[in-house]
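A short write-up of the structure that comes next.
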Amino acid sequence: MTAALHAEWTKLRTVAGPLWLVIGAAVLTAALSAAAVGAAECPATGCGQDAVRTSLAGVQLGQAIVAVLAVLVIGDEYRNGLIRTTLATVPSRVTLLAAKGVVVAGATLAAAIPGVLGAYLAGRLILPGRGFTAARGYPPMSLTDGATLRAVAGSVLYLTLVALLSLGLAAAVRDAPTGVGTVLGVLYLAPVLITVVSDPDWEKRLRQLTPSDAGLSIQHTIGVADLPIGPWAGLGVLALWSAGALLLGGLLLRLRDA
Amino acid sequence: MSGFVGLLHAELTKFRSVRGWVVGCGLAVFLMLLFAGLAGAGSSHTGGGPGGGKAPLGPDGTPVLDGLTLVHQPLDGDGTLTVRVASLIGSEPPEGAHDGVAPTAPDAPVAPPPAAAEPWAKAGLIVKSGTTPGSAYAAVMVTGGHGVRMQHDYTHDKAGPADARWLRLVRTGGTVTGYASTDGTAWTQVGSAALAAGDATAGIFVATPGHEEFEQFPGGSSSIGGKVVATGTFDNLAFSGGRPGADWSTIAVANDSDPHAPPVVSSRTGDTFTVQGNGDVAPTTGGPGPKLEQTLVGSFAALTVVAVLGVLFVTTEYRRGLVRTTFTTTPGRIRVLAAKAVVLGAITFVLGLVASTGALLLGTAILGGDGYPATVGTQVRLVVGTAALLAVAAVFALAIGTILRRGAGAVAAVVLLITLPYILSVAAVLPAVPAQWVLRLTPAAAFAVQQTLHVWPQVHQAYTPAFGYFPLSPWGGFAVLCGWTAAALTIAAVLLRRRDA
Numbered sequence: 000m001t002a003a004l005h006a007e008w009t010k011l012r013t014v015a016g017p018l019w020l021v022i023g024a025a026v027l028t029a030a031l032s033a034a035a036v037g038a039a040e041c042p043a044t045g046c047g048q049d050a051v052r053t054s055l056a057g058v059q060l061g062q063a064i065v066a067v068l069a070v071l072v073i074g075d076e077y078r079n080g081l082i083r084t085t086l087a088t089v090p091s092r093v094t095l096l097a098a099k100g101v102v103v104a105g106a107t108l109a110a111a112i113p114g115v116l117g118a119y120l121a122g123r124l125i126l127p128g129r130g131f132t133a134a135r136g137y138p139p140m141s142l143t144d145g146a147t148l149r150a151v152a153g154s155v156l157y158l159t160l161v162a163l164l165s166l167g168l169a170a171a172v173r174d175a176p177t178g179v180g181t182v183l184g185v186l187y188l189a190p191v192l193i194t195v196v197s198d199p200d201w202e203k204r205l206r207q208l209t210p211s212d213a214g215l216s217i218q219h220t221i222g223v224a225d226l227p228i229g230p231w232a233g234l235g236v237l238a239l240w241s242a243g244a245l246l247l248g249g250l251l252l253r254l255r256d257a
Numbered sequence: 000m001s002g003f004v005g006l007l008h009a010e011l012t013k014f015r016s017v018r019g020w021v022v023g024c025g026l027a028v029f030l031m032l033l034f035a036g037l038a039g040a041g042s043s044h045t046g047g048g049p050g051g052g053k054a055p056l057g058p059d060g061t062p063v064l065d066g067l068t069l070v071h072q073p074l075d076g077d078g079t080l081t082v083r084v085a086s087l088i089g090s091e092p093p094e095g096a097h098d099g100v101a102p103t104a105p106d107a108p109v110a111p112p113p114a115a116a117e118p119w120a121k122a123g124l125i126v127k128s129g130t131t132p133g134s135a136y137a138a139v140m141v142t143g144g145h146g147v148r149m150q151h152d153y154t155h156d157k158a159g160p161a162d163a164r165w166l167r168l169v170r171t172g173g174t175v176t177g178y179a180s181t182d183g184t185a186w187t188q189v190g191s192a193a194l195a196a197g198d199a200t201a202g203i204f205v206a207t208p209g210h211e212e213f214e215q216f217p218g219g220s221s222s223i224g225g226k227v228v229a230t231g232t233f234d235n236l237a238f239s240g241g242r243p244g245a246d247w248s249t250i251a252v253a254n255d256s257d258p259h260a261p262p263v264v265s266s267r268t269g270d271t272f273t274v275q276g277n278g279d280v281a282p283t284t285g286g287p288g289p290k291l292e293q294t295l296v297g298s299f300a301a302l303t304v305v306a307v308l309g310v311l312f313v314t315t316e317y318r319r320g321l322v323r324t325t326f327t328t329t330p331g332r333i334r335v336l337a338a339k340a341v342v343l344g345a346i347t348f349v350l351g352l353v354a355s356t357g358a359l360l361l362g363t364a365i366l367g368g369d370g371y372p373a374t375v376g377t378q379v380r381l382v383v384g385t386a387a388l389l390a391v392a393a394v395f396a397l398a399i400g401t402i403l404r405r406g407a408g409a410v411a412a413v414v415l416l417i418t419l420p421y422i423l424s425v426a427a428v429l430p431a432v433p434a435q436w437v438l439r440l441t442p443a444a445a446f447a448v449q450q451t452l453h454v455w456p457q458v459h460q461a462y463t464p465a466f467g468y469f470p471l472s473p474w475g476g477f478a479v480l481c482g483w484t485a486a487a488l489t490i491a492a493v494l495l496r497r498r499d500a
């Protein structure tokens with residue numbers, strides 16, 4: 000396993016693409032969050048907005064970049080035929096997928112931690128100037144607050160789980176562009192469907208069971224009791240999706256030819 | 000041109016001989032139908048109006064609200080009405096009201112305290128062809144915040160002088176003309192409308208929309224408000240042309256019977272009338288029912304599939320080395336790109352037509368009669384527009400794939416440029432003004448072809464993406480996507496010629 004890990008790390012760091020994707024994910028997460036908080040406003044009469052959740056909005060874009068990174072880790076091997084060499088050196092395909100999972104998780108953490116912290120800082124610095132002052136019920140955001148820390152740490156975990164979900168689906172599909180299309184469809188189509196469903200039961204079920212909506216409930220700091228699914232439970236749903244995808248990918252990797 | 004036709008044939012052969020791509024085409028159609036079914040099944044079947052009934056239709060088929068209070072007499076032929084609107088005030092909305100429904104249910108409706116009138120509260124003169132909700136009318140009125148207006152048949156609105164208080168309606172044959180004056184002697188014409196000659200009813204009326212505040216916050220949008228009562232005081236009422244011996248009677252024309260609505264009264268002391276109204280006379284703005292474009296929500300899934308197909312169509316050639324054979328047989332590389340674009344666009348357009356028609360029919364069949372009605376022209380625009388959107392998005396993906404030559408990044412770029420702005424705007428992650436700019440500048444503007452809701456200047460509504468209103472017109476938004484695609488194709492053509500295969 001150590002040798003497989005070392006091999007995967009070598010593959011990751013010797014190609015230019017993953018480094019740019021890691022940097023891009025961090026930068027875009029922070030940038031979209033800065034744009035969202037820059038446009039947010041709290042009038043003098045007060046507002047019901049969740050300031051922490053608004054400042055973590057960049058995760059919606061960062062998840063796509065992180066997904067592309069994870070898909071490329073395995074999709075590119077099929078593209079240039081390296082997969083045969085890889086499977087010859089690491090015959091245990093489960094070990095191979097596990098090693099790729101560890102490396103992908105590490106790379107995603109390297110992107111998610113600066114990205115999410117950057118988003119949090121953008122909110123911390125910009126929101127008080129947009130009307131989110133202590134007088135209106137929005138004291139300056141602080142990581143010592145339990146709910147805020149949960150939202151920030153949970154967002155980092157969310158991105159990591161999305162990366163693992165993408166890895167599993169890409170291993171199942173074996174083609175990089177199709178893998179990206181499948182993963183982005185899984186992540187982004189459910190929110191679109193939720194906007195058109197007006198039956199409250201359907202909406203609640205969709206928010207509880209789909210990966211991106213359930214996972215993003217970790218970002219809520221206000222009104223947690225009224226959420227369709229609790230923060231950690233939502234992240235657990237996403238973890239189940241990721242585990243299922245990895246299981247599917249691993250199974251298909253074992254059963255099929257390279 | 001036989002060379003180009005041969006090239007088209009070659010590209011078509013390349014497309015249809017890959018089993019995965021043909022399966023992808025079928026998948027796109029299947030996903031459109033699946034999502035149409037889900038959207039239809041997942042919409043509550045509670046109908047359109049607040050009282051549980053469907054909104055009545057105006058003379059031109061638009062769903063309307065017709066809840067005015069009318070103090071009227073029959074008017075069988077020509078006639079003239081003159082009145083002075085002494086005052087128009089409103090009332091406080093109920094405490095904590097949400098989406099137009101009062102939270103507490105008192106046994107007897109309680110009269111709310113007075114306040115300033117809503118900007119679109121109306122008090123004035125009207126000639127209406129009947130008292131059934133949805134019947135044609137022509138009216139001249141004083142509004143709470145928009146001066147004198149002449150409106151007829153719900154959808155037509157014309158502004159008059161801002162400070163006039165004297166109003167006059169003259170009916171001659173099939174035309175009704177409205178006049179306004181500040182002192183009762185010098186009249187300026189506000190406008191004229193056609194109203195079928197014959198039996199009608201005429202008099203003074205008061206109407207007001209409910210008080211609504213629209214709030215948009217990350218993750219959703221809501222409207223808060225409730226019914227209010229507008230009170231209009233009229234004097235110097237003069238009426239000629241009515242039946243001899245007829246007297247004024249009051250009726251509240253209503254298309255919903257809300258037992259918790261504030262009470263509505265009218266009283267008369269001598270020649271002064273005090274009339275209260277709590278409903279509006281205007282087109283509806285969608286309401287809680289499902290919108291027709293929601294049956295086409297599957298176009299996002301189809302878009303993702305089509306983007307993957309477009310990218311694969313060009314990147315697979317590089318991956319397999321087929322690109323060298325292609326450029327050997329056809330040295331004109333731009334012709335190759337053009338042929339690919341034509342073949343891909345044609346296949347995707349036909350696919351889109353089939354899928355959209357199926358999705359629309361399936362969705363409306365599941366919804367039954369519910370949902371905001373749309374004219375045949377709008378439905379054709381929905382189907383053809385969605386198919387065109389899919390075709391142009393596929394060509395856009397082809398161009399991006401040619402530029403990047405890497406499949407994964409190209410698919411991500413196309414999906415993020417077209418889908419993500421839509422999600423961020425409609426799911427209200429971005430506030431209203433940035434959302435509108437995003438939907439003007441990014442290729443996601445093309446989804447405006449799917450808008451069925453109409454913008455009415457005389458109705459107060461949050462005309463923002465979160466409520467279903469796109470900033471650009473349908474074909475204007477589509478032109479933005481075409482612009483992006485043209486730019487991408489140009490860059491792709493330049494790079495294709497300059498770079499090695």
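In order, the protein sequences belong to chains A and B. Here numbering that gives the first Met the number 0 is used: the first residue of the first sequence is 0, the next is one more, and so on. Here numbering that gives the first Met the number 0 is used: the first residue of the second sequence is 0, the next is one more, and so on. C-beta: ideal position from N, C-alpha, C; glycine also.
For residue i, the three-state DSSP class (helix, strand or coil)
i	result
Met0 of chain A	coil
Lys226 of chain B	coil
Thr463 of chain B	coil
His219 of chain A	coil
Gln62 of chain A	helix
Leu166 of chain B	strand
Thr45 of chain B	Model confidence at Thr45 of chain B stands at a pLDDT of 49, short of 50, so the residue's coordinates are unreliable and nothing is read from them.
Proximal residues of chain A, C-beta to C-beta of residue i below 8 Å
i	result
Gln293 of chain B	Val195
is_contact[residue i, chain B] using C-beta, thresh 8 Å
i	result
Glu76 of chain A	no
Leu183 of chain A	yes
Leu247 of chain A	no
Tyr187 of chain A	yes
Trp201 of chain A	yes
Residue-level contact to chain A via CB, residue i, 8 Å cutoff
i	result
Leu360 of chain B	no
Pro58 of chain B	no
Thr418 of chain B	yes
His8 of chain B	no
Arg18 of chain B	no
Ala229 of chain B	no
Val22 of chain B	no
Ser42 of chain B	yes
Gln132 of chain B	Reading off the sequence, residue 132 of chain B comes out as Pro, not Gln. No - not a single Cβ of chain A is within 8 Å of the one on Pro132 of chain B.
Cβ neighbours of residue i in the same chain (closer than 8 Å, five flanking residues each side left out)
i	result
Gln450 of chain B	Glu292, Gly467, Tyr468, Phe469 and Pro473
Leu360 of chain B	none
Val437 of chain B	Pro420, Leu423, Ser424, Leu429 and Ala443
Leu26 of chain B	Val304
Where residue i meets chain B, residues with beta-carbon distance less than 7 Å
i	result
Thr177 of chain A	Val307
Ala25 of chain A	Within chain B, no residue comes near Ala25 of chain A; the closest Cβ sits about 16 Å away, beyond 7 Å.
Contacts of residue i in chain B (Cβ-Cβ under 8 Å)
i	result
Pro190 of chain A	Ile422 and Ala426
Gly180 of chain A	Thr303, Val304, Ala306, Val307, Val410 and Val414
6 Å Cβ shell around residue i - same chain, five flanking residues per side excluded
i	result
Ala387 of chain B	none
Ser241 of chain A	Leu160, Leu163 and Leu164
Gly39 of chain B	Gly362, Ile365 and Leu366
Ser90 of chain B	Pro111, Pro113, Ala114, Val227 and Val228
Beta-carbon contacts of residue i that lie in its chain and below 7 Å, excluding the five residues immediately before and after
i	result
Val454 of chain B	Tyr462 and Tyr468
Glu316 of chain B	Val322 and Thr325
Val191 of chain A	none
Ser266 of chain B	Thr273
Residue i: contacting residues in chain A (beta-carbon distance under 7 Å)
i	result
Gly406 of chain B	Ala175 and Pro176
Phe34 of chain B	Leu192
Residue i: contacting residues in chain B (beta-carbon distance under 9 Å)
i	result
Ala56 of chain A	Pro217, Leu423, Val428 and Leu429
- Message: Any C-beta of chain A within less than 8 Å: which residues of the segment 324-353 of chain B qualify?
- Response: none
- Query: Mind listing which residues of the segment 33-50 of chain A have their C-beta closer than 9 Å to chain B's C-betas, in chain order?
  - Reply: Ala34, Ala35, Gly37, Ala38, Ala39, Glu40, Cys46, Gly47, Gln48 and Asp49
- Message: Which residues of the segment 295-316 of chain B have a Cβ closer than 8 Å to any Cβ of chain A? Give them in chain order.
- Response: Val296, Phe299, Ala300, Thr303, Val304, Ala306, Val307, Val310, Leu311 and Thr314
- Item | chain B contacts made by the segment 59-89 of chain A, where a contact means CB separation under 9 Å | Gln59, Leu60, Ala63, Ile64, Ala66, Val67, Val70, Leu71, Gly74, Asp75, Arg78 and Asn79
- Interface residues of the segment 379-394 of chain B facing chain A [CB-CB below 8 Å]: none
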